[in-house]
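Undergrad: One structure follows; several queries about it will come next.
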Amino acid sequence: MRLDVVSAWTTVQKKRASVLAVISGIVAFGATFTAHAAQRIEPTSSGTDWIVMDMSTGRVLSEEGARNERYPASLTKLMTLDLAFQELSAGRLTLDTLIPVSEAAARVEPMKLDLLPGQKITVREAILGMTTLSANDAATALGQYLGAGSITQFAQVMTDHARALGMLHTSFRNPSGLPDPGQVVDAYDMAILTRHILLTFPQYRYMFSAQSFNFEGRTIPNLDGMLKRYPGAIGMKTGFTNAARFNVVTAAQRDGHLLIGVELHAQSWSTAYWTMAKLLDAGFASDVEPAALLAENHDAVPAADAVTTHPYAAQRVSVTLHQPSMPGRRLAAQSFGTVNDRLADWTAQIGAYDSYAGARHQVTVLRGERQGGVVRVVSAVRHHRRIWQAQLAGLSEAAARATCARVVPHNQTCFVIASHKEEAMR
275 MRLDVVSAWT TVQKKRASVL AVISGIVAFG ATFTAHAAQR IEPTSSGTDW
325 IVMDMSTGRV LSEEGARNER YPASLTKLMT LDLAFQELSA GRLTLDTLIP
375 VSEAAARVEP MKLDLLPGQK ITVREAILGM TTLSANDAAT ALGQYLGAGS
425 ITQFAQVMTD HARALGMLHT SFRNPSGLPD PGQVVDAYDM AILTRHILLT
475 FPQYRYMFSA QSFNFEGRTI PNLDGMLKRY PGAIGMKTGF TNAARFNVVT
525 AAQRDGHLLI GVELHAQSWS TAYWTMAKLL DAGFASDVEP AALLAENHDA
575 VPAADAVTTH PYAAQRVSVT LHQPSMPGRR LAAQSFGTVN DRLADWTAQI
625 GAYDSYAGAR HQVTVLRGER QGGVVRVVSA VRHHRRIWQA QLAGLSEAAA
675 RATCARVVPH NQTCFVIASH KEEAMR
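Residue numbers (my numbering): 275 to 700.
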């Protein structure tokens, strides 16, 4: 039934006095509201945010403003690459798969490989174009291909995958990182993504370290300055736009330890690289020893398992950093054991818990009863809430099923996750 206009107007007039009273109350709190608004960190607010994370354990070694939302620029390409690696690992894509270049991909702004509409490039060329030159046309073409021709659809897949990884402050709008006000990340989320790539797809790490690659008779150089400036760096990604400023994600190895550094909204490349080097030096010099955290499984992380070996010849340089107290630190998905253990064989997932400590206690007790397996606690987000999944990994199929058979009678949920498969089986 249509609303009677005259009656509606009369109602509005009668309520006007009460509305004005409400407005007066709001004005009375105006000064307080303004003070709180001034404290809000917008993506373009002044300052630089950073985080240093231990790759093996996910422990945050140091951070500053790591939860502030920023524009990611070309750091966005890390998510596009992650999804491409996922398709490659699942066999739905190969490095030699040809992907078409649309008009939309060809006309994006530099940096670019100068692709032409109708041209076809291999997945390998697209990936290397992104990891070296940060080519926006290659990223757009790859994103369109993975998104069944739709950038919008692929961006939604990117955002959904980010949520599944526990990246709670991240939203994507395109596969390249070209400016969009709705495309935001924070330093902690980018560290989670980088760690996920390094742990899940070690076979593709070399693509981030490539100094150059040949494309159509041209030598395409790697623009990541950390590869030349920091011994032990295996690169990852850099990015710049006027609003995002200068951004760097770097993974580096020293003495068998692999650290991840993320720096957002720096004021110049020279400042960004200098700061990142100091942050990594301080992280490597930290008293937090990954081997001590791995002692529960009686394993250390061998250098050969952690990352492709790079010689380290630089002296450590101390730097004063803001070191947050332990309760204030945020943890990424926690894994214990060697990289090989984490990738091996069958897993029994023994329920989900509201706290990391609860999940870890449960699976540690179970491991003690079994005298075998690798303790693993994985973060996930369900219905906008973080949960912690307790897993006992590195088991044979029979051992995994026996583990679930033992805990299910005690009203505990248990799933067996097959080796090299994504699906979980009851």
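All C-beta atoms, glycine included, are put in the ideal place defined by N, C-alpha and C.
Report the residue from L369, T354, P476, Q477 whose alpha carbon sits nearest the alpha carbon of S445.
TA: Ranking the options by Cα distance to S445, first place goes to T354.
Undergrad: I need the boundaries of the beta strand (DSSP E) containing K394, first residue and last residue.
TA: Segment 394-396, the beta strand (DSSP E) holding K394.
Undergrad: For A465, which residues of its own chain have a beta-carbon under 7 angstroms away from its beta-carbon, when the five flanking residues on both sides are left out?
TA: Closer than 7 angstroms at Cβ, skipping near neighbours: I325, M327, I534, V536, A606.
Undergrad: Counting only the same chain and skipping the five closest in sequence on each side, list residues whose C-beta sits under 7 angstroms from that of T594.
TA: Because the pLDDT at T594 is just 38, under 50, the model does not fix this residue reliably, and the point stays unresolved.
Undergrad: So V459 and L349 are in contact, right, with Cβ under 8 angstroms, and what is the actual spacing, rounded?
TA: Contact flag correct, Cβ pair sits at about 7 angstroms.
Undergrad: Going along the chain, which residues of its own chain have a beta-carbon closer than 8 angstroms to the beta-carbon of V375, five neighbours each way excluded?
TA: So the list reads L389, L390, P391, G392, Q393, K394, I395, D411, A415, once near-sequence residues are dropped.
Undergrad: For the candidate residues E671, F689, G642, whose alpha-carbon lies nearest to that of Q665?
TA: Of E671, F689, G642, the residue nearest in Cα terms is F689.
Undergrad: Could you please give the first and the last residue of the uninterrupted beta strand (DSSP E) stretch that includes N410?
TA: Unbroken run through N410 is the alpha helix (DSSP H), 410-420; no beta strand (DSSP E).
Undergrad: Just to confirm the assignment, what range does the beta strand (DSSP E) spanning M464 have?
TA: Looking at the DSSP string, M464 is not in any beta strand (DSSP E); the run it does join, the alpha helix (DSSP H), is 461-474.
Undergrad: Hey, M385 and L407: beta-carbon distance below 8 angstroms or not?
TA: Result yes, Cβ atoms of M385 and L407 sit closer than 8 angstroms.
Undergrad: Sort N496, V681, M510, A546 by Cα distance to A518 and report the nearest one.
TA: Ranking the options by Cα distance to A518, first place goes to A546.
Undergrad: Just list the residues that DSSP pairs Y627 with in beta bridges.
TA: According to DSSP, Y627 bridges with W662.
Undergrad: Specify the secondary structure class of G451 as computed by DSSP and reduced to three states.
TA: Correct three-state label for G451: coil.
Undergrad: Less than 6 angstroms between C-beta atoms, sequence neighbours within five positions excluded: which residues of the same chain meet that for Y345?
TA: Cβ within range, chain order: P317, A517, A518.
Undergrad: Would you list the one or two residues that DSSP bridges to D323?
TA: BP columns for D323 point to L538.
Undergrad: Roughly how many angstroms separate the alpha carbons of L442 and D463, rounded to a whole number?
TA: About 7 angstroms.
Undergrad: Just grab the DSSP bridge partners of M510 for me.
TA: According to DSSP, M510 bridges with T524.
Undergrad: In this structure, how does DSSP classify A667 when only helix, strand and coil are distinguished?
TA: Strand, per DSSP.
Undergrad: Starting from the C-beta of T515, find all residues in its chain whose C-beta is less than 6 angstroms away, skip the five residues before and the five after it, and write them out in chain order.
TA: If we look at T515 and ignore the five residues flanking it on each side, its Cβ neighbours are A347, P453.
Undergrad: Comparing C-alpha positions only, which one of R366, R503, S542, D370 sits nearest to T524?
TA: Looking at the Cα atoms, R503 is the closest of the given residues.
Undergrad: Checking 8 angstroms against the spacing of the C-beta atoms, do F359 and I471 come in under that value?
TA: Closer than 8 angstroms, so yes.
Undergrad: Determine, using beta carbons only, whether T621 and I691 come nearer to each other than 8 angstroms.
TA: It is a contact, given that the beta carbons lie within the stated cut-off.
Undergrad: Only counting the same chain, and skipping five residues up and downstream in sequence, which positions put a Cβ closer than 8 angstroms to that of I425?
TA: A378, T414, G417, Q418, N448, P449.
Undergrad: For the putative contact between A484 and T405, defined by C-beta atoms under 8 angstroms, what is the C-beta separation to the nearest angstrom?
TA: That belief holds up - the Cβ atoms of A484 and T405 are roughly 6 angstroms apart, short of 8 angstroms.
Undergrad: Quick one: what's got a C-beta closer than 7 angstroms to G451's C-beta in the same chain, skipping five residues either side?
TA: Hits under 7 angstroms: P346, A347, S348, L349, T350, K351, G513.
Undergrad: Between which two residues does the beta strand (DSSP E) holding R503 run?
TA: Counting along the chain, R503 falls outside any beta strand (DSSP E), though it belongs to the alpha helix (DSSP H) covering 500-503.
Undergrad: Locate the alpha helix (DSSP H) running through L362, then write down its first and last residues.
TA: 351-363 is the extent of the alpha helix (DSSP H) around L362.
Undergrad: Using the DSSP secondary-structure output, state which residues sit across from R519 in a beta bridge.
TA: T515, per the DSSP bridge assignment.
Undergrad: In the DSSP assignment, the alpha helix (DSSP H) including L372 goes from what residue to what residue?
TA: Taken as a continuous stretch (DSSP letters only), L372 belongs to no alpha helix (DSSP H), being part of the beta strand (DSSP E) at 372-374.
Undergrad: If we ignore side chains and look at the alpha-carbon of each, how far apart do T687 and V681 end up?
TA: Computed Cα separation, rounded: 8 angstroms.
Undergrad: Would you list the residues sitting across from L532 in a DSSP beta bridge?
TA: Note: L532 sits in a beta bridge opposite Q527.
Undergrad: The beta strand (DSSP E) with S486 in it runs from where to where?
TA: Note, S486: beta strand (DSSP E), 486-489.
Undergrad: Please go through the same chain and pick out, in chain order, the residues whose beta-carbon is closer than 7 angstroms to the beta-carbon of I373, but skip the five residues on each side of it.
TA: Only K394, I395, V397, A400, A415, L416, Y419 meet the Cβ criterion.
Undergrad: In chain order, what residues of the same chain lie with their CB nearer than 8 angstroms to the CB of L669, ignoring the 5 residues before and after it?
TA: Closer than 8 angstroms at Cβ, skipping near neighbours: D619, W620, T621, A622, G646, G647, T677.
Undergrad: The beta strand (DSSP E) that contains V334, what's its start and end?
TA: Per DSSP, V334 belongs to the beta strand (DSSP E) from 334-338.
Undergrad: Please report how far the alpha carbon of R381 lies from the alpha carbon of Y480, in whole angstroms.
TA: Each residue's Cα considered, the two are about 29 angstroms apart.
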